[in-house]
Amino acid sequence: MNKSFFTGQLILASSSPRRRELLSQAGYSFTVVPPRAQEPSGLDISSPVEYAEYLAHFKAADVARLHRQDIVLGADTIVACNGRILGKARDAEDARAMLSELSAVRHVVITAIALLGPGQARTVCSAETHVTMKPMSASEIDAYVRSGEWQGKAGAYAIQETADRFVVKLEGSKSNVVGLPVELLEQMLKNHGTG
Numbered sequence: 004m005n006k007s008f009f010t011g012q013l014i015l016a017s018s019s020p021r022r023r024e025l026l027s028q029a030g031y032s033f034t035v036v037p038p039r040a041q042e043p044s045g046l047d048i049s050s051p052v053e054y055a056e057y058l059a060h061f062k063a064a065d066v067a068r069l070h071r072q073d074i075v076l077g078a079d080t081i082v083a084c085n086g087r088i089l090g091k092a093r094d095a096e097d098a099r100a101m102l103s104e105l106s107a108v109r110h111v112v113i114t115a116i117a118l119l120g121p122g123q124a125r126t127v128c129s130a131e132t133h134v135t136m137k138p139m140s141a142s143e144i145d146a147y148v149r150s151g152e153w154q155g156k157a158g159a160y161a162i163q164e165t166a167d168r169f170v171v172k173l174e175g176s177k178s179n180v181v182g183l184p185v186e187l188l189e190q191m192l193k194n195h196g197t198g
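The sequence shown finishes on residue 198 if you use our numbering, and the numbering steps up by one all the way, no holes.
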């Protein structure tokens with residue numbers, strides 16, 4: 004991301020290896036600076052989109068305090084099923100419960116992106132992808148939970164790994180489900196004057 008009018012750099016405010024990989028594959032030059040602040044818990048936000056956008060902005064703002072001349076990218080991915088927000092599973096039992104809830108159900112994966120730039124420039128947007136899972140047996144869920152792939156993943160699954168075998172229909176951006184809707188990011192950076 005080298006534009007003559009922009010002297011800073013793109014900062015990815017995330018420790019997610021998936022976001023790093025997607026950003027690299029899209030051809031962006033960037034530096035990774037994970038947020039230091041603990042994500043707030045117990046937020047009184049019922050809208051899944053507003054929840055994801057709040058957390059994306061929270062992450063970007065935490066890093067932007069120390070990188071005022073740069074464009075800071077924060078992102079957050081959540082899964083919503085029947086109006087209920089599913090974040091990252093706390094433990095194997097929680098992962099089992101989430102996967103059971105998603106079995107044979109169409110749900111939505113929402114990734115919010117926050118871009119914060121010099122001079123308080125701020126853009127927050129989100130993308131939605133609808134995912135339908137096949138019916139999963141208890142033994143399939145147990146085997147997946149034992150694999151450990153659910154750890155650190157919204158909704159307790161990683162579509163870019165072996166959980167793709169449970170997906171029967173994907174409506175929207177696959178990169179959104181992985182953790183960064185690249186198409187949306189490209190448009191946001193163009194609108195921000197840096198893409």
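We put the beta carbon where it would ideally sit given N, CA and C, even for glycine.
Residue burial annotation: LEU188 is buried, with at least 16 other C-beta atoms found within 10 angstroms of its C-beta. Here LEU76 really is in contact with ALA63; their C-beta atoms are around 7 Å apart, less than 8 Å. DSSP links MET136 through a beta bridge to VAL170.
According to the DSSP secondary-structure assignment, ARG125 is paired through a beta bridge with LEU119. Distance between GLU42 and PHE61, taken at the CA atoms: about 8 Å. For the pair LEU105 and ARG99, the Cα-to-Cα distance works out to about 10 Å.
Secondary-structure assignment with DSSP links ALA78 through a beta bridge to ILE116. Rounded to the nearest angstrom, the Cβ distance from ALA130 to SER176 is 6 Å, consistent with a contact under 8 Å.
LEU58 sits away from PHE33, with the two beta carbons spaced by 8 Å or more. Under the three-state reduction of DSSP, LEU13 is assigned to strand. For MET191, the closest of VAL127, VAL111, ASP79 by C-alpha to C-alpha distance is VAL127.
Listed as beta-bridge partners of THR165 by DSSP are no residues whatsoever.
Taking C-beta separations shorter than 7 Å and ignoring five residues to either side along the sequence, GLN28 has no partners in its chain.
Note that the C-beta distance between PRO138 and ALA107 is below 8 Å. Beta-bridge analysis with DSSP links LYS91 to ALA157. Under the DSSP assignment, PRO20 falls in the alpha helix (DSSP H) whose first and last residues are 20 to 28.
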